Amino acid sequence: MWVKKRHNNRFKAKPKPAERNQETGLNDGYYAAIDLGTNSCRLVVAQPTPSSFKVVETFSKITRLGEGIINGNLLSKAAVKRTISALKVCSAIMDEYQPMIRSRFVATAACRRALNCREFEEAVKKETKLNMEVISSKEEARLAVVGCMPLLSRTIKRALVFDIGGGSTEISIARVTDTGKTFIEGFVSLPYGVVTISEAFPAREMTKLAYDTIIERTHKILQEFEDKYQISEAIKNQEIQVIGTSGTVTVLGAVHLGLPRYNRAAVDGISVSGDEMEKVIKRIKNMGHDGRCKHSCIGKTKADLTISGCAIVESLCTFWPISEITIADRGIREGMLLDMMHHQKNNYFRKDGRYRRFLRKGYRNGNKKSGSD
């Protein structure tokens, strides 16, 4: 169960020292993960359980770190200031759960693209004491897959996972072996996400031409991926489960359910048919900008981004014969937590106490402590 605690309670009890849980092989302490994206900064603090983990606190703030990055490939001073302010909150929250067993803080597309990324990293380190790790699109795709794998049906061995970010969109094909291990067959990264699309087409209401341009461009990029992995045939034969994760996808799920306000428990893990997804996208488009601003599950901060994301989702649904999409309110942060806990557990059960890598052959990216299990 996900729990969001108040982190401004000065009388909050200090966490107990971590003790070894013989059932999980892990310390009953705390793990933390930060996903710093082009649009938002998100933190999760969790404890391991026998089958997964229990979230004890979360924090999320829209910072728009990548605002304006399409003009000059630089992080703006205003965006950096907003983001560091959010990271200070993350740091303060984590201080309440020290000593931490393990933590990882990653930054994605905006920082990969920014020419002044190094200066940003140094500023973050100086003001928050956090060491941000700028990960590749390959590692971003892998973490999203790891985070979403608990939603994979036991009767299906392959998954198409798409993660719509603010500055890029990762699409992966993953397979589960007979022994239960997960590996990624391949992935493709679209060089745009909801923030960069909304800035490339800044009109208050996206035109049909702009919307169709996104779909056409996406189809061209996907064609090579399709040719290599023959995804259409596998989806048609129901051999692949399609899982979508992102703010756009969860908004689509909430609108589909007709929720009066967003509820993660109601949205995470639901399946929406291709026909229903088409209807929801049409409904959101017909709301108009003002209607999306007033909608309780969208609002002003996501009004423009949601339409950009709808264009990407519609691109996938019109390119592949997708009959159903599993909605995931999880992804990179959960992937990091599962990675860290798997490593810790594996290290505990090794007789010689040495560190065992979980990296799959041919899928390494320079982060020696990343896993894909």
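So that you can map any letter, position 348 of the sequence shown is 349 in the working numbering, and since no number is skipped, the others follow by simple counting. For glycine and all other residues, C-beta sits at the position ideal for the given N, C-alpha and C. Source: prediction; values computed, not measured.
Go ahead and pull the three-state DSSP assignment for residue i.
i, result
"Arg103", "strand"
"Leu131", "coil"
"Gln224", "helix"
"Leu339", "helix"
"Arg143", "helix"
"Thr307", "helix"
"Arg265", "helix"
"Arg155", "coil"
"Tyr98", "coil"
"Glu68", "coil"
"Phe163", "strand"
"Asp330", "coil"
"Gln345", "helix"
"Gly245", "strand"
"Glu325", "strand"
"Ala204", "coil"
"Leu76", "coil"
"Asn238", "coil"
"Asn287", "helix"
"Ser297", "coil"
"Thr319", "helix"
"Thr302", "coil"
"Gly259", "coil"
"Ala312", "helix"
"Leu253", "helix"
"Leu88", "helix"
"Ala93", "helix"
"Ala115", "coil"
Could you tell me which residues DSSP pairs with residue i in its beta bridges?
i, result
"Thr59", "Val45"
"Leu191", "Thr170"
"Glu183", "Per the sequence presented here, residue 183 reads as Thr, with Glu not at that position. According to DSSP, which records beta bridges pairwise, Thr183 is partnered with Val177."
"Tyr32", "Ala47 and Arg103"
"Ser274", "Glu325"
"Ala108", "Leu37 and Val135"
"Phe54", "Pro49"
Is it true that the CB of residue j sits closer than 7 Å to the CB of residue i?
i, j, result
"Arg155", "Arg176", "no"
"Ala145", "Ile333", "yes"
"Ser173", "Ser138", "no"
"Phe106", "Leu76", "no"
"Glu141", "Thr178", "no"
"Ala111", "Thr219", "no"
"Arg83", "Thr64", "yes"
"Ile35", "Cys91", "yes"
"Gly148", "Arg265", "no"
"Phe320", "Leu223", "yes"
"Thr307", "Thr214", "no"
"Tyr212", "Ala304", "no"
"Val45", "Thr59", "yes"
"Gly69", "Ile165", "no"
"Leu161", "Ile241", "yes"
"Tyr193", "Arg103", "no"
"Leu116", "Asn74", "yes"
"Ile185", "Arg119", "no"
"Ala87", "Lys62", "yes"
Given the structure, does residue i come close to the ligand ATP, in the sense that its CB is under 6 Å from one of the ligand's heavy atoms?
i, result
"Leu75", "Absent from the structure shown: the ligand ATP. Ligands present: none."
Worksheet item: Is there contact between the stretch 195–206 and the stretch 220–239, where contact requires at least three CB pairs shorter than 8 Å?
Response: With a cut-off of 8 Å, the stretch 220–239 and the stretch 195–206 do not count as touching, because too few Cβ pairs lie within range.
> For the 8 Å Cβ check, are there 3 or more pairs between the stretch 327–345 and the stretch 231–239?
Replying inline: Two segments are said to touch when three or more pairs of C-beta atoms, one from each, lie closer than 8 Å; by this definition the stretch 327–345 does not touch the stretch 231–239.
If we count Cβ pairs, one from each stretch, closer than 8 Å, do we get three or more for the stretch 279–289 versus the stretch 117–135?
With the cut-off at 8 Å, the stretch 279–289 and the stretch 117–135 do not touch.
- prompt: Do the stretch 265–283 and the stretch 321–329 touch if we need at least three Cβ pairs shorter than 8 Å?
  reply: Contact between the stretch 265–283 and the stretch 321–329 is present, because at least three Cβ pairs lie under 8 Å.
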